[in-house]
Amino acid sequence: RLLIKTYMASMLSFFWSIVLLILAMIISAIIIGQMIQSVVLDAARDLEVRLEAYEMFGTFSRSFITMFEVTVSAGGWSRSGRFLTYEVDRRFFLFFFAYFLFISFSLMKVISAVFIK
């Protein structure tokens, strides 16, 4: 009985935590998707690089799924982050570093602390 009451009391916090995470992933997906469009449309770039960039970030849904992987899975940034950093532009490291620092590390730790408390 106590466990059920505790579970029901935490549902509002859980809901807003999920909303905040999804909002952060949506904003990040839009930003990185816009940054990648110049790469995808650049005919001077290697076709494989353009196709890989499109596969990960070419549309909003692809970009959102990639950002979900980066956020939730441990080491999830390695495939997409390393690709963008080494094959496209080294400055993409700054995007992934900031995202990891503020979302994957800080926000996830705060959410965890809310539920542990």
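With my numbering applied, the sequence shown corresponds to residues 334 to 450, in that order.
All C-beta atoms in this analysis are idealised placements derived from N, C-alpha and C, irrespective of residue type, glycine included.
Looking at C-alpha atoms only, which residue of the options is the closest neighbour of residue i?
i      : options                           : result
VAL421 : ALA357, THR399 and ARG383         : ARG383
SER394 : VAL447, PHE429 and ILE355         : ILE355
ALA446 : PHE347, THR392 and ALA377         : PHE347
PHE430 : TYR340, LEU353 and ARG415         : ARG415
PHE433 : ARG423, SER406 and TYR419         : SER406
VAL403 : LEU374, ILE436, MET341 and THR339 : ILE436
VAL443 : ILE351, MET368 and ILE360         : ILE351
PHE438 : TYR340, GLY408, LEU336 and LEU335 : GLY408
PHE426 : MET341, ILE360 and MET368         : MET368
MET441 : LEU353, ALA376, GLU381 and TYR419 : LEU353
Residues in its own chain within less than 7 Å of residue i by CB, not counting five upstream and five downstream?
i      : result
SER396 : ALA362, ILE365, GLY366 and PHE390
THR399 : MET389, PHE390 and SER413
MET358 : PHE397, MET400, PHE401 and THR404
TRP410 : VAL403, PHE429 and PHE433
Keeping to the same chain, check which residues put their C-beta closer than 6 Å to that of residue i; ignore five residues upstream and five downstream.
i      : result
VAL372 : ALA386 and VAL421
MET344 : none
THR339 : none
Would you please verify whether the beta carbon of residue i is less than 8 Å from any beta carbon of chain D?
i      : result
ASP375 : Going by chain labels, chain D is absent from the structure shown, which holds only one protein chain.
For residue i, I'd like the list of residues in its chain whose CB is within less than 8 Å of its CB, leaving aside the five on either flank, ordered along the chain.
i      : result
ASP375 : ARG383
Item to complete: Output the residue ranges of the alpha helix (DSSP H) runs that lie fully inside the region 335-398 and measure 4 residues or longer, sorted by chain position.
Response: 335-374 and 380-390
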